[in-house]
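Chains as they are written, first to last, in numbering that gives the first Met the number 0: chain A, 0 to 337; chain B, 0 to 106; chain C, 0 to 601; chain D, 0 to 194. Heads up, the beta-carbon is just placed ideally off N, CA and C, and yes, glycines get one too. Nothing here was measured: the structure is a model prediction, and the numbers come from that model. The next block holds one structure in the form of structure tokens; read it before the comments.
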Amino acid sequence: MRIFVAVGRLRLWLPTAALVMSGCGGPFPQSTLLPRSDFARATDVLFTDIFWWAAGVFLVVETLLVVTLIRFRHREGRAAPKPTHGHTLLEIAWTLAPAAILVFVAVPTVRTIFATSGEAPADALKVDVIGHQWWWELRYPDLALVTANELHVPLGRAVQLSITSADVIHAFWAPPLGGKRDAIPGHVNQIAFRADRVGDYGGQCAEFCGASHANMRLRVVVDSDSGFGRWATEQLEGPAAPAPGTIAERGKAVYARSACIGCHTIQGVSPGVIGPNLTHVGSRTTIASGLFPNDSAHLASWIADAPALKPGALMMRMKPPLSDADIAAIVAYLESLK
Amino acid sequence: MTETSHTEEHQHPTADVYLRVGAVLVILTVLEVGVFYVPAFHTVLVPVLLVLSATKFALVVMFYMHLKADSKFFTFLFGVPLLLAVGVMVALLFLFFGALTLRGAAG
Amino acid sequence: MSDARGLASWLTTTDHKRIGLLYFWTALAFFLIGGIEALFIRAQLAQPNGRLVSAETYNQLFTMHGTTMIFLALMPLGASFFNYMVPLQIGARDVAFPRLNAFSYWVFLFGGLFLNASWFVGPLFHAGILNVAPNGGWFGYANLTERQYSPGPNIDFWVLGLQILGISSLAAGFNFIVTILNMRAPGMKMMRLPVFTWMTLVTQFLIITAFPVITVGLAFLIFDRFFGTHFYVREAGATPILWQHLFWLFGHPEVYILILPAMGVVSDVLPTFSRKPLFGYPVVVYSGVLIGLMSWGVWSHHMFAVGLGPIADSVFAATTMLIAVPTGVKIFNWIATLWGGDIRGTTALHFAVGFIAMFIIGGLSGVTHASPPTDLQQTDSYYVVAHIHYVFFGGTIFGLFAGIYYWWPKMTGRLLDETLGKTHFWLQFIGMNLAFFPMHLIGLLGMPRRVYTYAPELGVGSLNLVSTLGAFLIALSILIFLVNLWRTRTRGRPAPNDPWGGATLEWSIPSPPPVYNFSVIPTITSRLPRWTTERHGPMRDPPATPPEPIHVPGGSWWPLIAAFGLPVLALAPLTHTLWVAFAGAALLLLGVYRWAFEPFEV
Amino acid sequence: MTHASATQHHTSMGLDNRKMAFWAFIGSECLLFGSLISTYLVYKGRSVVGPYPNQILNIPFTSVSTFDLLMSSLMMVLALAAVQRGDMKWGKIWLFSTALLGLVFLGGQVIEFSEFVNKGLTISTNLFGCTFFVLTGTHGAHVTVGVLWLLTLWVRALQGKLGPANAMTVEITGLYWHFVDVVWIVIFTVVYLIQ
Ligand code: HEA
Ligand code: HEA
Ligand code: CUA
Ligand SMILES: [Cu+2]
């Protein structure tokens, strides 16, 4: 058993092979083969284990098949084959052998099921993850902090995600940190993990959820402990008030009289809950659930016509349309909300 | 699966048997409704009702549908899916009411 | 009537052989449609940020691809062999209920046309063409498929279409169960049945037990969508997970419905071409029965990410892994059949061996799915897509192609060209590995399934390109197959009764068989009636001309008319017109009544 | 209903083709009703608004319906026995009374349903309404088909086209009818008595 786990670790060639084959090099931000948390490591070890058993079975059976085909291929003049009908001992053997192998797969499987069942220690950082068509709402109940699409977690500290959905079924998946769990309306699913390397990882909704399922992405940022504290403190502050006379201030006024307030929350400015909380939207690196960089050009075209950028996006085109100047003002305002 | 190549004329029960089975069915139904109304039975209501209705079920199937006397193969053809259906029902109840789960989300 | 030609004779036919051919050509057409949909999918995904089709179109493409391949291509391709071969293999003149058989076919055809009509009828619903085809995936998870989240007619086509197709499968199921159990020639004991027939029997049992469950699940969805019920609506206290249970209770047996016939074909082809009886016949048969039974206890392995709790996950992991045992037993028996044989490398044998080689890969990736913790990283990613295609394409399709090359001479009287056949095989073999093997890695590297686009940063662009090339290589191989079919029509070598030296009954009669199949119903004394075994000499083939005249029943219009009632009925909710419902019901009733009281003799 | 094999005398298992098909059909129906009943059970007590079962189910009334359906099963076997011994006079009477009792049952269901609707329970009111109406409605649809089928046989009998030679047809009708009855036995217990 042990031996095989050890051998399994040698299977580092897998990601390497992928690197070679994909040619483009670079990191794989959503790879399941580069685990970055205890949860992901546990499943990866198990996968490695099963992989080698499977590879062994594959080699043995395919070799047997090929050897048989070559050895007993038709040759002129070969005597008629002996009509064997069966062999009881053989049958028993090839029933028991796979069954025995499966025991070696099943036992660690069950152990890992219980180890990864989502229970975290009491002091874990709690995050509520709520799937929406097609973005992620993230709430840190203990910090009274609400954000969207970019999950920040501290290095080395247990994190407990409570996952649910506001509309249809989604699935939360940040591969380097661990396997997915469905976000189901009316249910709460849990994932617990402890990230073990600082970094910026990709993730994505994995359950088909309608038009923009492909565009329901996610970023997970594992911060150092102090980095996380800094981020949290910033997020907890009220929204920055734009300096008087700036274009951003005008943007705030346009925002406050536009439809935006019906859907978006900016602390102290608007209470909407249909779209992502924008209180600190300027501090995020991407918009529209990880689709576009958070820059003025993208913000402007997003505000002008979101569904054109993201099929089906539930932030419809503004009617009546905002003027370019108004949009520019709003963009300036949003960018000021660090 | 047996190999019967000869055609058997199965002996169907007589009207007399049918009537008697009918009488038992009526009595069982009266019992069921009775049990339902007697408060003293409420703790054991569910098992009692299940037994009574399973008995009725079996009586109709065995006598009116002739499974008792007819080819065993028909019993097989009916019994296997029936067992599957019961199994599915039990499994779903377990899955939904959490008896099988520590913290299942399905319930 | 017997040898009648012309359109009407096909529309009214009750001859299992003609119905088998109808199934074959219809299913082949749907296979090409499903394949073309796959090519669009692959072209879109050839590189990151693909722009060939829109998100909406893509969602329709993969939904219709999966639905078409499963319900309109593979199941009916299997059905074409059930129809054509089972009566021949058991020594019968027809199936037990020939008109019910015709009914099944017509219902299937109308159901398939109904589903695919959705591509073109957008304008009737104030939408563009290519706009209202089903778009919820082949397992149509509620509550996305509820009216609230899918307001258009897309999902309506899907639920109503599948409901119609279910009726077709159920009717055929009862028919073939009775046919196989009750219409066997004298001496054809159960344990002498060819394995293909045995696996057909198991498949039919799975059909008649699994389809009612999806019928109920779909009925709930239909009620939710049209009549305001809340079977899958969270706000009413219900849960969308019920749909998942009902769907997979059906869905898992369904995947074995798709593989068992192919396993049957392989079990018949290997002995013929290694000139050796099937090794461990009873074990192969019983393991098939066991697989059928066990397939009822594993459905939640499609729901590991749902969070059923560690105990349920462990139970379903264990039952799922256990299925590997009877499946493995089959594989080993097949290899043992080849062992010591005199293996003739015909195209049919190539495909049968290809089945074994490729199915193992799919089965083993299935075992990695069966472990819930590892599946959490794989489910809903391309790794699952790889698994699906190794078992469906590497398994079912290879098995069915083995059947086509094996039985084509019997069905048409012409041998397919072997050179073209082997070219087809090798291109398809290489193509499928290019297309589907990289998907394992694509999935492990984090690409979810059912995405119309992916970011270049994922690093899976080149792998996807390879996969797309593989898909087009498969298309090329299929084109070669079509050329082979076409050439063979006129230029194929005429087939004798028995071009391969087969052991089973279908080879004892002319190719193609006469309407009455057997001039004299044979009496069977051995499992390999046409071979010399230790205890038996080969049987004498039935005489070329029947010693006494054989009465062949005429055709009937009523199955067609009754079947036509179903799509009409399905139109009623779609068009919100009550009289259409009455018209459909009237057609159905009329058809059934006339059919029930029409004189018809066998 | 198909007579395709009516003239088929020899079968491998010595069993009638149609009867075998019909038992397979009944097996299949087990899973249909099994799924419906499972759904009823897993959704039991999950309705978020009333009316709830104990406020609305009328046990005495349904007990009478249940009795009625049981008696119709008895009539059905008596009809079969009569047809088998060639007593077409009683055959007709029993067939007709079976159908009649079936109609009474359906009438009861119509009364029950409309009373529920009056009391505010429709198919879309709550989960109880959804599962109750779809389950009992599916059963009612089966009864309706059975009544049509029985009446068809009865008319054939009146026309003199039904005799001991068609006893198998009557037997199969009976199988269907009794199966619909046993499903009701389960529904009566699970839906009405076990609240
Ligand atoms: C023909 C169809 C077919 C077949 C035969 C199988 C066979 C198997 N499948 Fe597969 N499966 C599908 C079609 C099929 N599957 C489809 C379509 C889906 C996806 C549906 C969707 O989401 O769209 C799916 C998904 C699926 C899942 C869910 C994945 C997910 O969505 O997360 C799982 C999980 O357990 C699974 C497991 C298995 C297993 C264990 C087998 C076993 O039966 C395999 C057994 C065979 C072998 C193991 C190889 C031979 C054996 C030996 C040589 C013996 C020695 C072996 C060992 C000791 C291991 N399958
Ligand atoms: C059942 C069998 C089956 C078969 C045979 C196939 C065959 C193929 N499948 Fe499919 N597939 C599924 C069942 C099947 N698939 C299912 C169930 C899903 C899941 C759907 C869902 O998620 O809901 C799926 C999903 C699926 C996806 C994932 C989509 C997504 O998640 O976004 C992809 C992607 O590459 C794919 C590709 C292919 C390819 C390239 C083939 C090829 O093998 C196809 C080969 C065939 C051809 C290429 C046809 C040949 C045509 C010609 C030669 C042209 C001739 C033209 C004329 C005569 C006019 N399939
Ligand atoms: Cu959300 Cu897919
Ligand atoms: Cu499965």
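Next item on the list: Return yes when the Cβ of L180/C is within less than 8 Å of the Cβ of M167/D, no when it is not.
Entry: On the fourth sequence, position 168 is the one that residue 167/D refers to. On the third sequence, position 181 is the one that residue 180/C refers to. Against a cut-off of 8 Å, the Cβ pair of L180/C and M167/D comes out as no contact.
Checklist line | Neighbour-count burial assignment, W485/C, 16 or more Cβ in a 10 Å radius | finding: The residue labelled residue 485/C in the question sits at position 486 within the third sequence. Its Cβ having fewer than 16 others within 10 Å, W485/C is exposed.
Check: Near W338/C, which residues of its chain fall below 8 Å by C-beta distance, leaving aside the five closest residues on each side in sequence?
Finding: Start at 1 with the first residue of the third sequence, and residue 338/C comes out as number 339. Its chain contains F278 as the residues whose beta carbon lies nearer than 8 Å to that of W338/C, once the 5 sequence neighbours on both sides are disregarded; these appear in chain order.
Checklist line | Contacts around G244/A, its chain only, beta-carbon distance under 8 Å, and the 5 residues preceding and following it disregarded | finding: Numbered from 1 along the first sequence, position 245 holds the residue referred to as residue 244/A. Excluding residues within five positions, none has a Cβ falling inside 8 Å.
Notebook entry, point to check: T418/C: which of K275/C, S476/C and L444/C sits nearest, CA to CA?
Noted result: Position 419 of the third sequence, counting from 1, holds the residue named residue 418/C. Of the listed residues, the one whose Cα sits closest to T418/C is S476/C.
Check: Below 8 Å, can you find three or more Cβ-Cβ pairs linking the stretch 292-305 of chain A to the stretch 235-249 of chain A?
Finding: no
Next item on the list: Taking only the alpha-carbon atoms, compute the straight-line gap between T13/B and G173/D and give it to the nearest angstrom.
Entry: The residue you call residue 13/B lines up with position 14 of the second sequence. The residue you call residue 173/D lines up with position 174 of the fourth sequence. Roughly 15 Å separates the two Cα atoms.
Check: Where does T489/C land, buried or exposed, given buried means 16+ other C-beta within 10 angstroms?
Finding: Numbered from 1 along the third sequence, position 490 holds the residue referred to as residue 489/C. Within 10 angstroms of the beta-carbon of T489/C lie fewer than 16 other beta-carbons, which makes it exposed.
Item checked: Alpha carbon of I273/A to alpha carbon of H263/A, nearest angstrom -> If you number the first sequence from 1, residue 273/A lands on position 274. If you number the first sequence from 1, residue 263/A lands on position 264. Take the alpha-carbon of I273/A and the one of H263/A: they are about 6 Å apart.
Notebook entry, point to check: Mind listing which residues of the stretch 233-248 of chain C have their C-beta closer than 7 Å to chain A's C-betas, in chain order?
Noted result: Residues of the stretch 233-248 of chain C that bring their beta carbon within less than 7 Å of a beta carbon in chain A comprise R233, T238, P239 and I240, in sequence order.
Next item on the list: Could you tell me which chain A residues have their CB closer than 7 Å to the CB of M320/C, listed as they occur along the chain?
Entry: In the third sequence, the residue the question calls residue 320/C occupies position 321. The contacting residues are L101, V104 and A105.
Notebook entry, point to check: Do the CB positions of G394/C and G361/C come within less than 8 Å of each other?
Noted result: Numbered from its first residue, the third sequence carries residue 394/C at position 395. Numbered from its first residue, the third sequence carries residue 361/C at position 362. The answer is yes: Cβ separation under 8 Å.
Next item on the list: Could you please tell me which residues of the stretch 105-127 of chain D, in chain order, have their CB closer than 7 Å to any CB of chain C?
Entry: I122, S123, N125 and L126
Next item on the list: Measure the alpha-carbon distance for H535/C versus P528/C and round it to whole angstroms.
Entry: Counted from its first residue, the third sequence places residue 535/C at position 536. Counted from its first residue, the third sequence places residue 528/C at position 529. Distance between the alpha carbons of H535/C and P528/C is about 8 Å.
Note to self: Taking the alpha carbon of F207/A as the reference point, which residue from L472/C, W530/C, P548/C and M446/C has its own alpha carbon closest?
What the structure shows: Along the first sequence, read from residue 1 onward, the residue named residue 207/A stands at position 208. Nearest of L472/C, W530/C, P548/C and M446/C to F207/A, Cα basis: M446/C.
Check: Near D155/C, which residues of its chain fall below 6 Å by C-beta distance, leaving aside the five closest residues on each side in sequence?
Finding: Counting from 1 along the third sequence, the entry for residue 155/C is found at position 156. L573, listed in sequence order.
Margin query: Below 8 Å on the Cβ atoms is my contact criterion, and I expect G412/C with A347/C to pass it. Report the Cβ-Cβ distance as a whole number of Å.
Written below: The count along the third sequence starts at 1 and reaches residue 412/C at position 413. The count along the third sequence starts at 1 and reaches residue 347/C at position 348. Rounded, the Cβ-Cβ distance is 17 Å, inconsistent with contact.
Notebook entry, point to check: What's the C-alpha gap between F113/A and F291/A?
Noted result: As a first step, residue 113/A must be located in the first sequence, where it is residue number 114. As a first step, residue 291/A must be located in the first sequence, where it is residue number 292. If I take the Cα positions, the gap works out to 38 Å.
Checklist line | Partners in chain D for L589/C, counting only beta-carbon separations shorter than 7 Å | finding: Translated into the one-based positions of the third sequence, residue 589/C becomes position 590. The contacting residues do not exist; L589/C stays about 13 Å from chain D at best.
Next item on the list: Could you check the C-alpha separation between T47/A and M61/B for me, to the nearest Å?
Entry: Counting from 1 along the first sequence, the entry for residue 47/A is found at position 48. Counting from 1 along the second sequence, the entry for residue 61/B is found at position 62. Rounded to whole angstroms, T47/A to M61/B spans 55 Å at the Cα level.
Checklist line | Three-state secondary structure assigned by DSSP to A543/C | finding: The sequence position of residue 543/C within the third sequence is 544, counting from 1. Coil at A543/C, not helix or strand.
Margin query: Can you tell me which residues fall inside 7 Å of ligand 3, judged by beta-carbon distance to its nearest heavy atom, and keep chain order?
Written below: G130/A, Q132/A, W133/A, H169/A, A170/A, C204/A, A205/A, E206/A, F207/A, C208/A, H212/A and M215/A
Margin query: Considering only heavy atoms of ligand 1, does any lie closer than 7 Å to the CB of W137/C?
Written below: Here residue 137/C refers to the residue found at position 138 of the third sequence. It does: the Cβ of W137/C is within 7 Å (strictly closer) of some heavy atom of ligand 1.
Note to self: Nearest by alpha-carbon distance to G101/D: which of V169/D, P59/D, V146/D and H141/D is it?
What the structure shows: By one-based count along the fourth sequence, residue 101/D stands at place 102. Nearest option by C-alpha distance: V146/D.
Next item on the list: Hey, could you find the ends of the beta strand (DSSP E) K195/D is sitting in?
Entry: Any answer about residue 195/D is impossible in this case: the structure gives chain D only from 0 up to 194.
Item checked: Contact belief for I122/D with T228/C at Cβ below 8 Å, rounded distance in angstroms -> One-based indexing of the fourth sequence puts residue 122/D at position 123. One-based indexing of the third sequence puts residue 228/C at position 229. The Cβ separation is near 6 Å, so the contact holds.
Notebook entry, point to check: On the premise that Y200/A lies in contact with P28/A, defined as a C-beta separation below 8 Å, what is that separation, rounded to the nearest angstrom?
Noted result: One-based indexing of the first sequence puts residue 28/A at position 29. One-based indexing of the first sequence puts residue 200/A at position 201. Confirmed, Cβ separation roughly 6 Å.
Notebook entry, point to check: Residues of chain D with CB under 7 Å from V212/C, in chain order?
Noted result: Looking up residue 212/C in the third sequence gives position 213. Here the neighbours are L30 and S34.
Notebook entry, point to check: Would you call the stretch 159-169 of chain C and the stretch 84-96 of chain C touching, i.e. three or more CB-CB distances under 8 Å?
Noted result: Three or more Cβ pairs closer than 8 Å define a contact, and the stretch 159-169 of chain C falls short of that threshold against the stretch 84-96 of chain C.
Check: For Y255/C, is the beta carbon positioned less than 7 Å from some heavy atom of ligand 1?
Finding: Here the question's residue 255/C lines up with position 256 in the third sequence. Checking every heavy atom of ligand 1 against the Cβ of Y255/C, one is found closer than 7 Å.
Check: Of all the CB atoms in chain C, is at least one closer than 8 Å to the CB of D181/A?
Finding: Looking up residue 181/A in the first sequence gives position 182. Among the residues facing chain C, D181/A is included, as its CB has a counterpart in that chain under 8 Å away.
Notebook entry, point to check: At a cut of 8 Å, does the stretch 465-479 of chain C reach the stretch 423-437 of chain C through at least three beta carbon pairs?
Noted result: Output reads yes: the stretch 423-437 of chain C touches the stretch 465-479 of chain C.
Next item on the list: Could you work out which residues of chain B lie near V133/D, taking near to mean beta carbons separated by less than 9 Å?
Entry: Indexing the fourth sequence from 1 puts residue 133/D at position 134. Correct list: empty, because the minimum Cβ distance to chain B is about 16 Å.
Next item on the list: Taking 8 Å as the cut-off, decide whether the C-beta atoms of F350/C and F400/C are in contact.
Entry: Numbered from 1 along the third sequence, position 351 holds the residue referred to as residue 350/C. Numbered from 1 along the third sequence, position 401 holds the residue referred to as residue 400/C. A contact, by the Cβ cut-off of 8 Å.
Notebook entry, point to check: Nearest CA to the CA of L129/C: which residue from N153/C, R4/C, E234/C and F107/C?
Noted result: On the third sequence, residue 129/C is found 130 positions in, with the first residue counted as 1. That would be N153/C, whose Cα lies nearest to the Cα of L129/C.
Checklist line | Beta-carbon gap between S79/C and V194/C smaller than 8 Å | finding: The residue given as residue 79/C occupies position 80 in the third sequence. The residue given as residue 194/C occupies position 195 in the third sequence. No; because the gap between Cβ atoms is not below 8 Å, this pair is not in contact.
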